[in-house]
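Undergrad: Dropping the structure in here first, questions after.
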Amino acid sequence: KTSKDGKWSMTNIREDSFVMVALKDDNQNFLYDQEGEFIGWHEPVIHTSSPEIQIPEIKIFPRENRIVIKQIINVAPGWIKVIIDAPEPRPLPAFLPAIDSSFTIWDGDTLHVWYNPGKNYTGYAVMAGDSTQIRISQTKPLSSQPAPVRVSSGRLHPGANATFMTATPIISIDTSKIDLRQDSLGTISFRITRDQSDPRKFEISVPWVEQKRFNLTFLPGAIKDYWGRTNDTITESVVVTGTDQYGDLTMSIDGMDSTKQYLLLLKEGEHIRDTFVIQNHSAVQLTKKGLSPGKYILEMIEDLNQNGVWDTGNYNKRRQAERKMIFMPENLRAGWELEVKANWNNK
Numbered sequence: 349k350t351s352k353d354g355k356w357s358m359t360n361i362r363e364d365s366f367v368m369v370a371l372k373d374d375n376q377n378f379l380y381d382q383e384g385e386f387i388g389w390h391e392p393v394i395h396t397s398s399p400e401i402q403i404p405e406i407k408i409f410p411r412e413n414r415i416v417i418k419q420i421i422n423v424a425p426g427w428i429k430v431i432i433d434a435p436e437p438r439p440l441p442a443f444l445p446a447i448d449s450s451f452t453i454w455d456g457d458t459l460h461v462w463y464n465p466g467k468n469y470t471g472y473a474v475m476a477g478d479s480t481q482i483r484i485s486q487t488k489p490l491s492s493q494p495a496p497v498r499v500s501s502g503r504l505h506p507g508a509n510a511t512f513m514t515a516t517p518i519i520s521i522d523t524s525k526i527d528l529r530q531d532s533l534g535t536i537s538f539r540i541t542r543d544q545s546d547p548r549k550f551e552i553s554v555p556w557v558e559q560k561r562f563n564l565t566f567l568p569g570a571i572k573d574y575w576g577r578t579n580d581t582i583t584e585s586v587v588v589t590g591t592d593q594y595g596d597l598t599m600s601i602d603g604m605d606s607t608k609q610y611l612l613l614l615k616e617g618e619h620i621r622d623t624f625v626i627q628n629h630s631a632v633q634l635t636k637k638g639l640s641p642g643k644y645i646l647e648m649i650e651d652l653n654q655n656g657v658w659d660t661g662n663y664n665k666r667r668q669a670e671r672k673m674i675f676m677p678e679n680l681r682a683g684w685e686l687e688v689k690a691n692w693n694n695k
């Protein structure tokens with residue numbers, strides 16, 4: 349057993365070859381048999397031919413998540429949410445009976461499934477041999493309601509785009525039915541960009557003017573969603589703040605292996621604000637401008653299989669977990685240019 353600081357020693361071991369394994373043994377039965385237990389091992393075999401051997405630090409890691417459906421929410425006829433605990437890339441469940449003409453997207457661990465709202469689905473979601481019942485929704489169909497459109501944030505950095513979102517995937521946008529105005533400037537031309545990863549989102553970009561309020565009107569029929577719904581008249585306001593109310597964060601990282609891919613996650617709590625993919629570099633300098641003041645975390649991952657996420661290890665397959673490092677810079681303040689220097693140790 350280790351001491352509180354993780355140190356340990358063994359004596360009177362015969363001369364032989366050994367595999368050195370570390371286990372966070374929650375139930376103290378000397379077996380790796382609990383979901384929450386961590387494990388790690390020293391990669392080279394240990395030869396006890398010398399009188400004394402120093403073992404380097406052994407890093408332990410959690411098990412791979414079992415593929416399991418945690419919850420199913422039958423929101424309304426035409427819309428099901430399936431919350432799935434599984435490693436990336438998450439597999440899609442099968443539905444029995446099958447759902448015809450469905451539209452699916454992932455939002456974190458939640459799979460959204462949209463289908464014909466004229467039907468109220470009941471059946472089973474099947475994954476990894478387990479089936480979970482989907483009970484008929486007790487909510488009235490949402491397809492008879494107008495399509496809602498909302499702005500993600502009413503306060504905007506002058507150099508950012510205004511992000512808008514709907515509850516269901518957008519099929520088409522009629523820009524002739526969208527009006528953007530600012531009192532002193534009158535009608536303003538704008539550009540719309542659809543989000544490639546989430547069909548519910550789009551961005552509007554213009555040369556915003558600091559300390560001004562912009563009014564955006566979506567006239568009826570501007571937005572058409574997957575269910576064929578269109579919007580009623582919707583008015584949203586965007587207040588453009590001053591650049592002095594934000595800060596810039598520069599991240600300088602060295603000590604990387606230029607033959608490997610790394611991920612740098614900029615996080616605010618558990619929310620990932622941005623992801624940087626680093627390839628073919630041993631040192632980089634990355635800058636994120638226009639951040640709101642607050643506490644940020646930098647999480648760096650050695651993405652060995654280049655799948656864009658951190659992967660834990662597997663003792664049975666003798667696969668070590670991907671290395672990860674956490675950096676905790678000081679709080680970012682308004683008007684600051686904060687620089688973080690970090691070293692990724694390859695040894």
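In my numbering, the protein residues as written are 349 to 695. Note that beta-carbon positions come from the ideal geometry of N, C-alpha and C, so glycine has one too. Every value quoted in this text rests on a predicted model; they were computed, and no experiment measured them.
#1: Report the rounded CA-to-CA distance for Asn-464 versus Trp-427, giving the unit in angstroms.
#2: By the three-class DSSP mapping on this structure, what secondary structure does Gln-493 have?
#3: In this structure, how does DSSP classify Asp-592 when only helix, strand and coil are distinguished?
#4: Determine the extent of the beta strand (DSSP E) in which Ser-479 is found, giving its start and end residues.
#5: Quick one: what does DSSP say Thr-458 is sitting in, helix, strand or coil?
#6: Is the beta carbon of Phe-512 sitting closer than 8 Å to the one on Arg-498?
#7: Are the CB atoms of Leu-613 and Leu-564 within a distance shorter than 8 Å?
#8: Answer yes or no: do Leu-371 and Glu-385 have a C-beta to C-beta separation smaller than 8 Å?
#9: Could you pull out every residue in the same chain whose Cβ sits closer than 6 Å to the Cβ of Ile-674, ignoring the five residues on either side in sequence?
#10: Among Val-557, Met-599 and Phe-566, whose alpha-carbon lies nearest the alpha-carbon of Thr-589?
#11: Would you list the one or two residues that DSSP bridges to Arg-529?
#12: Taking the alpha-carbon positions, what's the Phe-550 to Thr-541 distance?
#13: Would Val-430 be called buried (16 or more neighbouring beta carbons within 10 Å of its own) or exposed?
#14: Can you grab the Cα-Cα spacing for the pair Asn-691 / Ser-351, in whole Å?
#15: Which of the three DSSP states is assigned to Thr-523 in this structure?
#16: Is it buried or exposed, Leu-680, if we count other Cβ atoms within 10 angstroms and call 16 or more buried?
#17: So, for Glu-687: in the same chain, excluding its five sequence neighbours on each side, which residues have a beta-carbon less than 7 Å away from its beta-carbon?
#18: Just grab the DSSP bridge partners of Gln-627 for me.
#19: Is it right to say Asp-602 is buried, meaning 16 or more other beta carbons lie within 10 angstroms of its own, or is it exposed?
#20: Do you know how far the Cα of Gln-493 is from the Cα of Asp-580?
#21: Take Arg-362 and list the residues in its own chain whose beta-carbon comes closer than 8 Å to its own, dropping the five residues that flank it on each side.
TA: Put simply:
#1: In a straight line, the C-alpha of Asn-464 is about 9 Å away from that of Trp-427.
#2: DSSP, read as helix, strand or coil, puts Gln-493 in coil.
#3: Secondary structure of Asp-592 (DSSP, three-state): helix.
#4: Counting along the chain, the beta strand (DSSP E) containing Ser-479 begins and ends at 478–482.
#5: Residue state, collapsed to three classes: strand.
#6: By the CB criterion at 8 Å, Phe-512 and Arg-498 fall inside the cutoff.
#7: The Cβ-Cβ distance between Leu-564 and Leu-613 does not fall below 8 Å.
#8: Yes, Cβ-Cβ distance for Leu-371 and Glu-385 is below 8 Å.
#9: These residues qualify, in order along the chain: Glu-647.
#10: Proximity to Thr-589 across Val-557, Met-599 and Phe-566 peaks at Val-557, based on C-alpha coordinates.
#11: When DSSP reads this structure, Arg-529 sits in a beta bridge with Thr-535 and Asn-563.
#12: Rounded to the nearest whole angstrom, the C-alpha separation of Phe-550 and Thr-541 is 6 Å.
#13: When all chains shown are included, Val-430 counts as buried.
#14: Taking the CA atoms as reference points, Asn-691 sits about 29 Å from Ser-351.
#15: Helix at Thr-523.
#16: It is buried - the Cβ of Leu-680 has at least 16 other Cβ atoms within 10 Å.
#17: Close CB contacts of Glu-687 within its chain, under the 7 Å cut and outside five residues either way in sequence, are with Thr-598 and Ser-600 (chain order).
#18: The partner list for Gln-627 (beta bridge, DSSP) reads Gln-609.
#19: When all chains shown are included, Asp-602 counts as exposed.
#20: Rounded to the nearest angstrom, the two C-alpha atoms are 10 Å apart.
#21: Only Thr-396 meet the Cβ criterion.
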